[in-house]
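Inspection log for the structure reproduced underneath, given as structure tokens.
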Amino acid sequence: MKNSEAARIFSEMANMLDLAEENPFRIRAYRRAAMVIEGLPRDIAGMSKEELKKIPGIGEDLASKLLEIVETGTCRAYEAARRRSPAGLSLLLTIPGLGPKTARAIYEKFPIGSIDELERLAAAHRLKAEIPKIKDKTEQNILRGIELVRKSAGRMPLGRALPVARDMISMLREKAPVKQLSIAGSLRRWKETVGDIDILATSGDPGGVMDAFVNLPQVKQVLAKGETKSTVILSEGVQSDLRVVEEDSFGAALCYFTGSKEHNIRLREMGVKKGLKINEYGIFDRKGKKIGGLKEEDVYRILGLPFIPPELREDSGEIAAALSGRLPELIELKDIKGDLHVHTKLSDGHNTALELAQAAIARGWAYIAITDHSKGLGIARGLSVERMLEEIAEIDALNSRLRGFRILKGVEVDIRSDNSLDLPDEILSRLDIVNASVHSGFRQTSGKITGRIVAAMRNPFVTTVSHPTGRLLGERDAYPVDMEEVLKAAAGTGTAIEINAFPARLDLNDITARRARDMGIPLVINTDTHILEHFDYMSYGVAIARRAWLEPKDVVNTYEVNKMLEVLHKKRLVLK
Ligand code: DGT
Ligand code: CA
Ligand code: CA
Ligand code: ZN
């Protein structure tokens, strides 16, 4: 995928232009293009200029630059801007939460060359002492930003790793003499971030597989190349391992290298109690005779367990549940009947309601809710009350033409800093779906932010709290919301909580989602679609749900439309 590379270049361009105080429209154009390209599930490599220009936000100029990036890995304008902009200054901009103005002020005083240097200055309060615009709070934010960069260093969000891994798998199928081939490790468990991409294969010619692997176009550097195992660094910046194992060990190896390590240890302990040895080569009895290992199921069957899906293998109760026959019947993508968080071009999306409905119909869904932003969200072109009413009328008209499919009327209403909602109840009461979310004041105290969300849930028309923690993986930590309080209020008011499937968010995480289910809170999995292709993200949300042990009954958008609305509107009767 060239997409993330191009997105990075555009986003750096925006930053460098910003530092040079250039035309704000150009800066915004680069930022917007970076976001769209990053989120585009289709690879830009191989697209023609005409196709590129059809991507929202990409005109003649940016399309040429994309072609250049696909062909040469970079573009001249970017290289020129880089020559003009000092490296230390660009480094400052990689710290989340540190904007161009502050960066410039810091750099003018301290032309730093490394993040460590910046950390020392901030920790010693020298930034505050010597730069007028820097306050205590700025220094704290800088230190928090540095910590975030370090924490996410080396780990890659699932949504970036999985497309890369799938590309590699399909190339290996084509070019390497493999028989069986599978993703393993945390990626097979759909963990929200992964340390590396683990791949497992069988082959009559392991050497040939190693050759093909280290020569994949995604490979930037070969760290180790052995007879049956190699490790490489990919141009995306993540490491990948490929192992070739014996055919009659493939199942045992797949189980072992899928992990988690803690899950494996449990299995091995159970084996020891039965006098069995379990490792990556197979399952062996007391006499050392191999009694299984060809299939992954062998490991579980011999231990007297049903097959445990990879998403559950975190040593969080799955083995006890398997032993007592209480493993959940996990939700699957095909159980999903619709999406309740979708933006059109009336706010910051790129398609019409009809286009979105048709795409949803093509996926076999029965409904979507159009939930454009409310007016408070200026940056996302929020809708005024008048526009909102027009949208409602338009959806009514569309529904009268659609058969067996329903477009629900909705909004993503902004929860303002003073706890109030951005639209009056007269409007909210006319909508099917009201997603309430926080888009501002992320640096308020925990009590304040939590209070805002809780207040929103007390509104009888708010059906769902969207992306409740505000985190962006690797970019922004969750705001300091007290999730336990939020969950209590959700349970008390009958408000649903969203699992946001957008790969940068995946918010709720698996642990909180499981807790929410235990508290009887209705959950909903939404994509937060801004372009048609974002509907593909549903699989990431379903993965979080599976890791949270959810069954179809726990997720309201597996219900048919009337039952779903009945659940979400129950609070209207109770709270009124
Ligand atoms: P990651 O890469 O940090 O996201 O997490 P994993 O789970 O993919 O970990 P990784 O790549 O180090 O190893 C892949 C699997 O191999 C891991 O899930 C379990 C297995 N494994 C690795 N080292 C050990 C070990 O020392 N003991 C056991 N029992 N299993 C191990
Ligand atoms: Ca791994
Ligand atoms: Ca590994
Ligand atoms: Zn949204």
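If you read the sequence shown in my numbering, its first letter stands for residue 20, the second for the next number, and so on.
Even glycine gets a Cβ: it sits at the ideal position worked out from N, Cα and C.
Item	Value
By the 10 Å Cβ neighbour count, where 16 or more other Cβ atoms means buried, how is E581 classified, buried or exposed?	Reading the sequence as shown, one finds Asn at residue 581 and not Glu. Counting Cβ neighbours within 10 Å, N581 comes out exposed, since fewer than 16 surround it.
Any chance the CB of S205 is under 7 Å from a heavy atom of ligand 2?	yes
Below 8 Å, can you find three or more Cβ-Cβ pairs linking the region 543-558 to the region 510-525?	yes
At a threshold of 7 Å, does S485 count as lining ligand 4 (C-beta to nearest heavy atom)?	yes
Hey, is T277 close to ligand 1, as in C-beta under 7 Å from one of its heavy atoms?	yes
Taking only three categories from DSSP, how would you classify Q199?	coil
Applying the 10 Å Cβ sphere with the 16-neighbour rule, what's the burial state of N283?	buried
For the beta strand (DSSP E) that contains Q240, what are its first and last residues?	238-244
Just to confirm the assignment, what range does the beta strand (DSSP E) spanning N438 have?	Looking at the DSSP string, N438 is not in any beta strand (DSSP E), and its letter there is neither H nor E.
Closer than 7 Å: is that where the CB of V213 sits relative to any heavy atom of ligand 2?	yes
Roughly how far, in whole angstroms, is the beta-carbon of F424 from the beta-carbon of I380, given that I think they are within contact range, below 8 Å?	5 Å
Excluding sequence positions up to five away, which residues of its chain have a Cβ less than 8 Å from the Cβ of A508?	I472, V473, M476, R477, T514
Using 8 Å as the threshold, is the region 292-305 in touch with the region 329-339, meaning 3 or more CB pairs across them?	no
Looking at the structure shown, is K428 part of a helix, part of a strand, or coil, going by DSSP?	strand
Would you call T464 buried or exposed, if buried means 16 or more other Cβ atoms sit within 10 Å of its Cβ?	exposed
Could you check where the alpha helix (DSSP H) with R51 kicks off and where it finishes?	43-58
Going by CA-CA distance only, name the one from L352, D444, H588 that's closest to T512.	H588
Is the number of C-beta pairs between the region 231-242 and the region 296-305 that are closer than 8 Å three or more?	no
Sort I411, V168, K394, S419 by Cα distance to D441 and report the nearest one.	K394
Taking 8 Å as the CB-CB cut-off, is A203 touching chain D?	Checking the listed chains, one finds no chain D in this structure; it contains a single protein chain.
Using the Cβ count rule (16 or more neighbours within 10 Å means buried), how would you classify S268?	buried
I'd like to confirm something about D547: is its beta-carbon nearer than 7 Å to some heavy atom of ligand 4, or not?	yes
Is Q237 closer than 8 Å to T250 when the C-beta atoms are compared?	no
Name the two residues that bound the continuous alpha helix (DSSP H) containing S133.	Neither: S133 is in no alpha helix (DSSP H) and is coded neither H nor E.
For ligand 4, any of its heavy atoms closer than 7 Å to the Cβ of E431?	yes
Does the beta carbon of H144 fall short of 7 Å from some heavy atom of ligand 4?	no
Determine the DSSP secondary structure at H144, reduced to helix, strand or coil.	coil
Based on DSSP bridge pairs, tell me the residues matched to E166.	Answer is none; E166 lacks a bridge partner.
How close, in whole Å, do the beta carbons of T277 and G204 come, if the pair is a contact with beta carbons under 8 Å?	7 Å
Going by Cα to Cα distance, which pick from R51, L206, V430 is closest to R174?	L206
Taking 8 Å as the threshold (C-beta atoms), are A567 and R16 in contact?	Because residue 16 is not part of the residues shown, which for the chain are 20 to 595, the question remains open.
In or out: K353 buried (at least 16 other Cβ within 10 Å) or exposed?	exposed
Should P43 be labelled buried (16 or more other beta-carbon atoms within 10 Å of its own) or exposed?	exposed
Does the region 339-353 come into contact with the region 208-225, if we say contact requires no fewer than three beta-carbon pairs (one atom in each stretch) closer than 8 Å?	no
Between the alpha carbons of L525 and E410, how many angstroms are there, rounded?	28 Å
By a C-beta neighbour count over all protein chains shown, 10 Å radius and 16 as the cutoff for buried, is L191 buried or exposed?	buried
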